[in-house]
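To convert, take the position in the sequence shown, counting from 1, and add 691; that gives the numbering used here. The structure appears below as structure tokens.
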Amino acid sequence: MTDERKRILTGIRPTGSLHLGHYAGALENWIRLQHDYDCNFLIADYQVSDYADDISRVRDSVWEVALDWLAVGLNPETSNFVIESLVPEHAELTLHLSWFLPLGMLSRNPTLKAEMDALEGGDEKTAGKSVPVAFYNYPVMQVANILMPRAHLVPVGEDQLPHIELTRETARRFNQRFKDVFPEPEGLVGRVARLVGTDGNAKMSKSRGNAINLKDDAETVRKAVMGMYGGPPTRRANEPGVVDENPILLYHDAFNADRTEVEDLKQRYASVGVGNKELKETLIVALNAFLDPIRERRAHYESHMPLVREALEHGSKNARAQAVETMALVRDALDFDYLGKHQS
Ligand code: TRP
692 MTDERKRILT
702 GIRPTGSLHL
712 GHYAGALENW
722 IRLQHDYDCN
732 FLIADYQVSD
742 YADDISRVRD
752 SVWEVALDWL
762 AVGLNPETSN
772 FVIESLVPEH
782 AELTLHLSWF
792 LPLGMLSRNP
802 TLKAEMDALE
812 GGDEKTAGKS
822 VPVAFYNYPV
832 MQVANILMPR
842 AHLVPVGEDQ
852 LPHIELTRET
862 ARRFNQRFKD
872 VFPEPEGLVG
882 RVARLVGTDG
892 NAKMSKSRGN
902 AINLKDDAET
912 VRKAVMGMYG
922 GPPTRRANEP
932 GVVDENPILL
942 YHDAFNADRT
952 EVEDLKQRYA
962 SVGVGNKELK
972 ETLIVALNAF
982 LDPIRERRAH
992 YESHMPLVRE
1002 ALEHGSKNAR
1012 AQAVETMALV
1022 RDALDFDYLG
1032 KHQS
């Protein structure tokens, strides 16, 4: 950690396959920035709740996420793929940092609030459950994740920005009160901050069933696109429409590499109208062209799983070495070195 390059820490919870929303909102930045920064890409398995119920799903998802990362072109030889729980220092730093964050500040965190509300709302999945202490630990742990490699930049989806604000606040408090250990990291949101779902819902998400996954095959993509919401259903093909109200066009904008085609479709759509059938057929071609190289790389790694394992093992080991350095600085700043200070 002595070289001059700035560091990135970012991550994702292992809850399944990654989709187009992840790509345009975050991954694209990671791919671009991996050449200029020392990167830790974290699979945040400590952040997945309900171990007892879900651990096999978490375990599968760790591999899914790693495969998706390799498939989109993240390079594990120059960046670290890190499994959070293989760096147990995260837990130790979380404990120390929990002294710096007032409970009130955490309860205002939108992600935490949403989870609390879900519990209180009490659907059949959450019936009889109470709020676990882990709900409060988890934003603190996210702060610990970012501070651990003393990161400068955190490229994320826009929903994660409040966590970064919390991280900056924590770093400031720590540095002021003890020693200047942590940079104040910046957040960075992707080109498409929030990709609309295939159903026209405000956000693509797996749980809403409105996602197109990066690993979906051509037929799955075709079906998903054919079933897409295409703006107000009363609009006829020869009637002009509003580009921003049609998710099919928004996807063209986000993923179609043929910019001339995109401009032509948008221009005609707004002036004389274009049928959704044409928009969908061209989108299927464009999305498959975008996804094909991703699918190819994925297939390669799926048939070479030891490479995936090697990436996770190697990256986690590097991250742990950094973590040991940071924790030495933290313990020194907090003056925790009891034995070292006892000169007998
Ligand atoms: N909370 C993030 C998510 O739900 C994952 C995450 C964990 C993360 N630790 C992080 C993101 C640190 C950025 C930085 O996807």
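Backbone N, C-alpha and C define an ideal beta-carbon position, used for all residues, glycine too. Treat the numbers as computed from the prediction; the structure is a model and nothing was measured.
With DSSP as the reference, label Arg841 as helix, strand or coil.
Taking the first residue of the sequence shown as 1, we reach residue 841 at position 150. Residue state, collapsed to three classes: coil.
Roughly how many whole angstroms lie between the Cα atoms of Val1015 and Pro779?
For the purposes of this step, residue 1015 is taken as the residue at position 324 of the sequence shown. For the purposes of this step, residue 779 is taken as the residue at position 88 of the sequence shown. The straight-line gap from Cα to Cα measures roughly 10 Å.
Mind the definition here: the region 695-712 touches the region 832-849 only if three or more C-beta pairs lie below 8 Å; say whether that holds.
With the cut-off at 8 Å, the region 695-712 and the region 832-849 touch.
Is the beta carbon of Ile837 within less than 6 Å of some heavy atom of ligand 1?
Reading the sequence shown from its first residue, position 146 is the one you call residue 837. Yes, ligand 1 has a heavy atom inside 6 Å of this Cβ.
I want to check one thing, is the minimum distance from the CB of Arg704 to the heavy atoms of ligand 1 below 6 Å?
Position 13 of the sequence shown, counted from the first residue, corresponds to residue 704. It does: the Cβ of Arg704 is within 6 Å (strictly closer) of some heavy atom of ligand 1.
Could you give the first and the last residue of the continuous beta strand (DSSP E) run that contains Thr701?
Counting from 1 along the sequence shown, the entry for residue 701 is found at position 10. Thr701 -> beta strand (DSSP E) spans 698-703.
Leaving out the 5 sequence neighbours to the left and right, which residues in its chain are closer than 6 Å to Gly932 when beta-carbon positions are compared?
Taking the sequence shown and counting its residues from 1, one reaches residue 932 at position 241. Around Gly932: Gly922, Arg926, Tyr960.
Might you give, ordered along the chain, the residues of its own chain that have their beta carbon closer than 8 Å to the beta carbon of Ser962, omitting 5 neighbours on each side?
Counted from its first residue, the sequence shown places residue 962 at position 271. Result list for Ser962: Pro931, in chain order.
Pro924: which of Asp944, Asp890, Ala909, Leu978 sits nearest, CA to CA?
Within the sequence shown, the letter at position 233 stands for residue 924. Closest option to Pro924, Cα to Cα, is Asp890.
Quick one: using the 10 Å Cβ neighbour count with 16 as the cut-off for buried, is Ile837 buried or exposed?
Counted from its first residue, the sequence shown places residue 837 at position 146. By the neighbour-count rule (16 or more Cβ atoms within 10 Å), Ile837 is buried.
In this structure, does DSSP put Glu877 in helix, strand or coil?
Stepping through the sequence shown from its first residue, residue 877 is reached at position 186. The answer is strand: DSSP assigns Glu877 an E or B state.
Going by alpha carbons, who is nearest to Asn766 out of Thr802, Leu784, Val739, Ile722?
Locating residue 766 in the sequence shown gives position 75, where the first residue counts as 1. Checked all of Thr802, Leu784, Val739, Ile722; the closest Cα to Asn766 is Ile722.
Any heavy atom of ligand 1 closer than 6 Å to the beta-carbon of Ala735?
The count along the sequence shown starts at 1 and reaches residue 735 at position 44. Ala735 Cβ: within cutoff of ligand 1.
Hey, is Val749 close to ligand 1, as in C-beta under 6 Å from one of its heavy atoms?
Taking the sequence shown and counting its residues from 1, one reaches residue 749 at position 58. No, Cβ of Val749 sits at least 6 Å from all heavy atoms of ligand 1.
Pick out whichever of Met839, Glu811, Leu784 has its Cα sitting closest to the Cα of Asn1009.
One-based indexing of the sequence shown puts residue 1009 at position 318. For Asn1009, the nearest C-alpha among the options comes from Met839.
What residues in its chain sit with their C-beta under 7 Å from that of Val739, if we drop five residues either side in the sequence?
One-based indexing of the sequence shown puts residue 739 at position 48. If we look at Val739 and ignore the five residues flanking it on each side, its Cβ neighbours are Arg704, Pro705, Thr706, Asp745, Val749.
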